[in-house]
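If you read the protein sequences in the order shown, they are chains F and H. Each residue of the first sequence is one higher than the one before, starting from 1 at the first, in the working numbering. Each residue of the second sequence is one higher than the one before, starting from 317 at the first, in the working numbering.
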Amino acid sequence: MTIFKLVIRRSLMSVVTLLLVSLIIFSMLEVLPGDVASRILGRDATPETLEQLRTELGLDKPAPVRYLTWLGGLVTGDMGQSLVSSRPVEEILAPRIFNTVLLSAYAFLIYLPLTIIPALLQALNRDRSVDHAFSVVTLVLLSVPDFLLATILLLAFVVMLPLLPAISLVDQSSSAWEYLRAMTLPALTLAIVMAVYAVRMLRDNLIEVLDSDYIRMAELKGLSRRRVLLRHALPNALVPTLNVTALNLAYLVGGVVVVEKVFSYPGFGSLLVDSLQLRDLPVIEATVMISAFVYVVANLIADVAAILLNPRLRTG
Amino acid sequence: MSAETLSAPPGRSTSRWTSLPSLWRQTPLSFRIGLIVLVIHLLVAVTGPFWAPYGFSQMGTGRPLSGMSRVHPFGVDQLGRDIFSRVVHGSHIVILLSLSGTFLGLVVGAVLGLFSGYVGGWIDEIIQRFLEALISIPFLVLALIAIAAAGPELSGNPVLIVLVVALVYAPRIARMARSVAVDIATRDHVTVARLRGESAWSVMRRELLPNATSVLLVEFALRAGYAPVLIGSLGFLGFGLRPPTPEWGLMISENRALIIVTPITVLGPGLALASLVVGLNLFTEGLARILGRTVKLGVQ
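Quick look at the structure:
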């Protein structure tokens with residue numbers, strides 16, 4: 001019962017957070033800096049076009065009314081119309097989100113072995129040269145910005161070793177194979193950035209677990225080294241890494257912005273950048289809300305998992 | 317770095333910290349390497365504009381796209397500008413904006429966090445929910461919409477970049493400062509100060525802040541280490557500083573289209589950016605170890 005209450009309380013807090021996010025985004029983009037209409041039209045605005053756009057956007061109504069209308073639309077799935085293409089925002093978003101989900105799933109698929117294998121190698125060769133070498137590599141990769149990593153991978157796989165396309169343009173008519181080829185470099189970039197954080201953490205956890213009594217016990221029972229490692233040590237070391245994985249999901253929401261842009265992959269992140277350049281307000285607001293939603297849900301899952309997995313937290 | 321801060325870790329006797337060289341040898345290796353890298357970067361930032369071979373927007377310094385040579389170690393871009401000179405000229409811009417943005421975020425975050433944790437109650441609850449909401453927007457997305465909100469008149473303005481870095485970091489630093497304040501607020505010396513009738517501001521400044529110094533120092537170093545990446549990402553996406561500013565992220569994006577012809581024009585600025593961040597990360601890790609703290613590098 002207490003766990004249940006704790007989880008409910010935590011979920012309600014997430015809802016409050018999302019409401020505040022919507023308030024912040026709305027006021028940043030619509031209320032704070034003067035007139036939206038003149039910002040959309042820019043320098044070539046005339047009084048007539050300004051007036052027309054204002055009525056079109058409903059800017060003649062007071063801000064709180066506009067906020068509530070927008071929020072109500074978000075909840076019911078009506079996100080308004082794009083200012084640029086006049087299409088409903090949901091219609092623009094749907095294929096982009098599909099592409100990004102596909103890309104993220106692919107990235108996570110690469111991320112898992114990329115995290116587990118180096119961490120295992122490091123933990124097994126602890127304080128030896130393999131361990132040190134990987135530590136240096138992860139530290140350096142930690143410091144390489146994702147846009148630079150993407151550019152270097154592009155140089156390696158497109159220019160020097162021409163295997164993959166430089167521009168990841170795909171659409172509904174693309175075949176699965178085309179999708180896979182197009183997504184490989186962006187997914188690899190995202191996977192490396194995520195794995196770098198997780199490898200460092202998993203290595204430390206593994207070393208801690210390998211030092212524990214039950215692993216010694218398992219070894220003394222005469223179990224094979226492989227079995228001890230994969231059946232007894234790894235699952236226990238992976239639990240604390242769950243939190244990092246949730247954080248990585250949160251990174252992914254921002255990371256796709258840069259990485260998709262580098263490879264011109266038509267996903268959610270490049271949509272945000274494009275709509276910012278075009279000052280397409282309804283699309284910007286919807287994309288930012290969705291990215292915050294994913295972040296909040298990822299954190300909620302991480303926290304709930306921590307509550308469920310940690311007996312000490314259950315009484316709290 | 318003064319002797320007092322370095323002699324802080326428990327279990328090490330003060331008598332061992334005698335001379336500067338031995339002090340140096342006592343510090344963690346990562347701290348030493350990080351500090352050396354940082355000093356080189358700072359030296360380039362301060363003196364670079366005086367010895368850089370060419371001006372940052374000087375055209376016709378060599379044959380465009382002529383690649384790596386002794387005269388042009390990082391090659392020449394499409395407009396005939398020497399990339400090495402541009403990287404050197406960009407150094408002080410990147411470092412200055414990163415440090416001032418992070419410092420502003422530190423000040424705002426520390427005040428907000430310490431205050432929130434000290435007063436507690438519903439004020440604390442409201443501030444926390446707002447900070448949580450700001451943190452829930454992925455930091456690059458937050459930075460991008462802040463720039464969009466500022467409007468086209470301000471875009472490319474260095475002051476805006478400083479404010480955006482501060483906006484992104486202040487909530488994260490505040491959360492850290494708050495946890496320290498909550499921890500200290502119940503201690504005796506704070507209670508005594510409150511009972512003496514000191515104002516919240518005075519308690520914060522005289523009782524909470526001194527106890528939060530090491531946490532805030534590590535936070536500052538950690539965030540400053542990521543600021544060049546944030547500024548670079550904004551430049552790369554076309555929302556940061558404007559051409560012809562020799563900001564490294566912007567340069568990487570400008571020369572990216574010609575990476576097939578002259579990879580060095582991208583790798584040169586990339587090397588500068590990555591080495592600065594490696595230096596800051598190593599420094600942060602070492603500093604945290606000296607202060608007896610653990611730090612998770614890279615966790616946003």
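The beta carbon of each residue, even a glycine, is placed where N, CA and C say it ideally should be. Owing to the predicted nature of the structure, the values given are computational and were not obtained by experimental measurement.
Between the CA atoms of residue j and residue i - distance to the nearest angstrom
i, j, result
"residue 92 (chain F)", "residue 77 (chain F)", "13 Å"
"residue 194 (chain F)", "residue 256 (chain F)", "12 Å"
"residue 138 (chain F)", "residue 115 (chain F)", "11 Å"
"residue 468 (chain H)", "residue 401 (chain H)", "29 Å"
"residue 489 (chain H)", "residue 205 (chain F)", "26 Å"
"residue 426 (chain H)", "residue 298 (chain F)", "27 Å"
"residue 23 (chain F)", "residue 581 (chain H)", "43 Å"
"residue 50 (chain F)", "residue 75 (chain F)", "29 Å"
"residue 470 (chain H)", "residue 476 (chain H)", "7 Å"
"residue 97 (chain F)", "residue 180 (chain F)", "17 Å"
"residue 441 (chain H)", "residue 254 (chain F)", "27 Å"
"residue 325 (chain H)", "residue 347 (chain H)", "Reliability of the predicted coordinates at residue 325 (chain H) is poor, the pLDDT of 48 falling under 50, and no value is obtained from them."
"residue 260 (chain F)", "residue 156 (chain F)", "18 Å"
"residue 203 (chain F)", "residue 191 (chain F)", "17 Å"
"residue 603 (chain H)", "residue 408 (chain H)", "23 Å"
"residue 153 (chain F)", "residue 382 (chain H)", "23 Å"
"residue 21 (chain F)", "residue 295 (chain F)", "11 Å"
"residue 236 (chain F)", "residue 228 (chain F)", "11 Å"
"residue 436 (chain H)", "residue 16 (chain F)", "19 Å"
"residue 212 (chain F)", "residue 550 (chain H)", "46 Å"
"residue 175 (chain F)", "residue 414 (chain H)", "44 Å"
"residue 61 (chain F)", "residue 30 (chain F)", "12 Å"
"residue 11 (chain F)", "residue 18 (chain F)", "11 Å"
Residue i: first and last residue of the uninterrupted alpha helix (DSSP H) it sits in
i, result
"residue 335 (chain H)", "Counting along the chain, residue 335 (chain H) falls outside any alpha helix (DSSP H), and DSSP gives it neither H nor E."
"residue 201 (chain F)", "176 to 210"
"residue 115 (chain F)", "89 to 124"
"residue 461 (chain H)", "455 to 466"
"residue 11 (chain F)", "2 to 26"
"residue 494 (chain H)", "474 to 501"
"residue 60 (chain F)", "Unbroken run through residue 60 (chain F): none, as it is neither H nor E."
"residue 131 (chain F)", "129 to 143"
"residue 160 (chain F)", "Neither: residue 160 (chain F) is in no alpha helix (DSSP H) and is coded neither H nor E."
"residue 347 (chain H)", "345 to 367"
"residue 547 (chain H)", "525 to 553"
"residue 374 (chain H)", "Per DSSP, residue 374 (chain H) belongs to no alpha helix (DSSP H) and is neither H nor E."
"residue 584 (chain H)", "580 to 606"
"residue 285 (chain F)", "281 to 309"
Supposed close pair residue i, residue j - CB separation, criterion 8 Å
i, j, result
"residue 589 (chain H)", "residue 564 (chain H)", "5 Å"
"residue 284 (chain F)", "residue 466 (chain H)", "About 14 Å; that fails the 8 Å criterion."
"residue 210 (chain F)", "residue 123 (chain F)", "6 Å"
"residue 356 (chain H)", "residue 159 (chain F)", "Going by Cβ atoms, the distance from residue 356 (chain H) to residue 159 (chain F) rounds to 30 Å, so no, they are not a contact pair."
"residue 592 (chain H)", "residue 544 (chain H)", "6 Å"
"residue 262 (chain F)", "residue 150 (chain F)", "4 Å"
Neighbour flag for residue i against chain H, beta carbons, 9 Å
i, result
"residue 146 (chain F)", "yes"
"residue 104 (chain F)", "no"
"residue 279 (chain F)", "yes"
"residue 79 (chain F)", "no"
"residue 239 (chain F)", "no"
"residue 82 (chain F)", "no"
"residue 316 (chain F)", "Per-residue confidence for residue 316 (chain F) stands at a pLDDT of 43, beneath the threshold of 50, marking its modelled position as unreliable; no derived number is given."
"residue 261 (chain F)", "yes"
"residue 291 (chain F)", "yes"
"residue 206 (chain F)", "no"
"residue 245 (chain F)", "no"
"residue 99 (chain F)", "no"
"residue 199 (chain F)", "no"
"residue 273 (chain F)", "yes"
Below-9 Å beta-carbon distance, residue i vs any chain F residue
i, result
"residue 473 (chain H)", "no"
"residue 477 (chain H)", "no"
"residue 482 (chain H)", "no"
"residue 603 (chain H)", "no"
"residue 625 (chain H)", "It is not possible to answer for residue 625 (chain H), since the shown part of chain H is limited to 317 through 616."
"residue 454 (chain H)", "yes"
"residue 527 (chain H)", "no"
"residue 494 (chain H)", "no"
"residue 448 (chain H)", "yes"
"residue 411 (chain H)", "no"
"residue 344 (chain H)", "no"
"residue 562 (chain H)", "no"
Beta-ladder partner(s) of residue i, from DSSP
i, result
"residue 398 (chain H)", "H:392"
"residue 81 (chain F)", "F:88"
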